[in-house]
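Structure first, commentary second.
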Amino acid sequence: MALRRRIGTRQGRIAAGSGMQLSINRDSKNENLVVRTDTGRLAQVFINLISNAAKYCDHANPELSIKTRSLREKIQIDFVDNGSGIPEDSHSVIFEKFARLDDDKAANSTGGAGLGLAISREIMERLGGSISYLPDRQGGAFRVTMPLESVFETT
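Just so you know, we're using my numbering here: the sequence shown kicks off at 34 and counts up by one.
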């Protein structure tokens with residue numbers, strides 16, 4: 034499956050939690066990669082990251098940048114928004130089940146149980162990859178790393 038198809042074929046805007054539109058910017062020339070994986074599960078991870086940016090990016094004009102790069106037998110996909118990011122004292126818990134960092138934002142958003150990033154981490158591990166937070170970036174920044182070919186473990 035072409036990665037470009039899974040991410041989508043064009044730039045776009047989606048409703049953000051603040052009532053603003055989240056602008057999605059992509060470097061599509063680097064998305065011409067073929068991956069062999071469980072595309073449904075990979076899409077679930079992508080949807081979660083995009084949805085989180087839409088809900089929690091606190092910039093007046095929220096934007097999400099999606100950049101893909103190939104590294105030999107792996108690919109890296111960075112999802113970086115222009116908000117204030119995740120507080121340093123919360124970095125260690127964001128991938129834990131039921132982790133909610135800001136109850137006010139959670140109450141005002143469409144909700145969720147705090148499982149999205151924990152499930153995304155589990156999916157990526159089963160696909161032979163990983164998901165990580167990038168604390169050295171401006172805003173909320175996540176990196177998905179995976180082999181170009183992976184098998185989803187069903188155990």
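For glycine and all other residues, C-beta sits at the position ideal for the given N, C-alpha and C.
Three-state class that DSSP yields for residue i in the structure shown
| i | result |
| --- | --- |
| residue 156 | helix |
| residue 171 | coil |
| residue 121 | helix |
| residue 139 | Note that residue 139 has pLDDT 44, beneath the 50 cutoff, so the model's placement of it is unreliable and no number is given. |
Distance between residue j and residue i (C-alpha atoms, nearest Å)
| i | j | result |
| --- | --- | --- |
| residue 105 | residue 75 | 20 Å |
| residue 67 | residue 181 | 7 Å |
| residue 89 | residue 96 | 11 Å |
| residue 73 | residue 155 | 14 Å |
| residue 163 | residue 56 | 25 Å |
| residue 161 | residue 127 | 20 Å |
| residue 63 | residue 109 | 11 Å |
| residue 69 | residue 107 | 12 Å |
| residue 172 | residue 119 | 7 Å |
| residue 151 | residue 83 | 15 Å |
| residue 60 | residue 153 | 23 Å |
| residue 157 | residue 179 | 7 Å |
| residue 85 | residue 147 | 11 Å |
| residue 65 | residue 168 | 28 Å |
| residue 99 | residue 54 | 16 Å |
| residue 122 | residue 116 | 17 Å |
Boundaries of the beta strand (DSSP E) in which residue i is found, first to last residue
| i | result |
| --- | --- |
| residue 98 | 96-104 |
| residue 58 | 54-59 |
| residue 127 | Segment: none, residue 127 is in no beta strand (DSSP E) and carries neither H nor E. |
| residue 110 | 107-114 |
Enclosing alpha helix (DSSP H) for residue i [first to last residue]
| i | result |
| --- | --- |
| residue 88 | 72-89 |
Supposed contact pair residue j and residue i - C-beta distance, whole angstroms, cut 8 Å
| i | j | result |
| --- | --- | --- |
| residue 113 | residue 177 | Contact flag wrong, Cβ pair sits at about 12 Å. |
| residue 174 | residue 111 | 7 Å |
Residue i Cβ short of 6 Å to the ligand ADP heavy atom set
| i | result |
| --- | --- |
| residue 92 | The model depicted lacks the ligand ADP and carries no ligand whatsoever. |
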